[in-house]
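S.K.: Here it is: the structure, laid out below.
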Amino acid sequence: MIDSLLDRISQTPHLWNLLRSIVEDGFRSEKMVIASELVPRHQHQDGQRPRRFLDLGCGTGAFASCFPPDAYVGVDLSLPYVRFAGRTRRGRFVATDSTRLALSSACFDAALVLGVLHHLPDPQVRETVRELHRVLRPGATALVMEDIPPPDFWNVAGHAMHWLDRGGFIRTEADYRAFFQAGFHSVRTYHMRSGICDYGVYVLRRV
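Each residue of the sequence shown is one higher than the one before, counting from 65 in this note's numbering.
What follows is the structure, encoded as structure tokens:
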């Protein structure tokens, strides 16, 4: 019964967005990391072409407002989520598979991947990382934030949220670092808590 209810909520974009916002304190921690790690390094400078940002697995577009709308592209496999984002957010939104992105090669200066990979089995993660490498320009920044097992055993709510989130592939930080070795240089890695949820943060440079 609970599984059925959660499936219905996850298929209703505005309800799913509301649930996540509540348990993650309005996404304040994620937005602070985006503002410090991603956007400042890729702001438009006079005399240079505009920087382009990719939000891979954008879902409902909850983080679109962190980027310049004319330089932002959000992609997600879910057509209902993409349509919802297109109605409620500014920017361009595309429904496409992360393992076969309908995007040109080397066309983005920076990318955000937030809470995506823990929904994918290992082979699809590897394909997604390869596609991310393909669409980013050399030297581009990739900011990956992924659910990790709560380091505090008493964070019962965090463990419960992993179950509620419907992501069946919660991995360790070491697991994620291994995926990124092909094509990316690790700039820094650290832990972040968003509401009751624990994340590994990976700042990567495309080689």
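From the three backbone atoms N, C-alpha and C, an ideal C-beta is built for every residue, glycine too.
Measuring only the C-alpha atoms, how far is E94 from V267?
M.R.: 13 angstroms
S.K.: Straight-line CA distance for Q188 to P104?
M.R.: For Q188 and P104, the distance between alpha carbons rounds to 30 angstroms.
S.K.: Tell me A175's beta-bridge partners as DSSP assigns them.
M.R.: L118, A206
S.K.: Compare the C-alpha of D161 against each of F117, M256, L196 and name the closest.
M.R.: L196
S.K.: Smallest Cα separation from A99: which of T124, L79, F131?
M.R.: F131
S.K.: Just the Cα atoms here: how many angstroms apart are P213 and G179?
M.R.: 13 angstroms
S.K.: Would you mind reading off the limits of the alpha helix (DSSP H) that contains H197?
M.R.: 186 to 199
S.K.: Please tell me whether L176 and A159 are closer than 7 angstroms, where the distance is taken between their beta carbons.
M.R.: no
S.K.: Just verifying my parser: in three-state terms, what is the DSSP assignment at R235?
M.R.: Note: R235 maps to coil in three-state DSSP.
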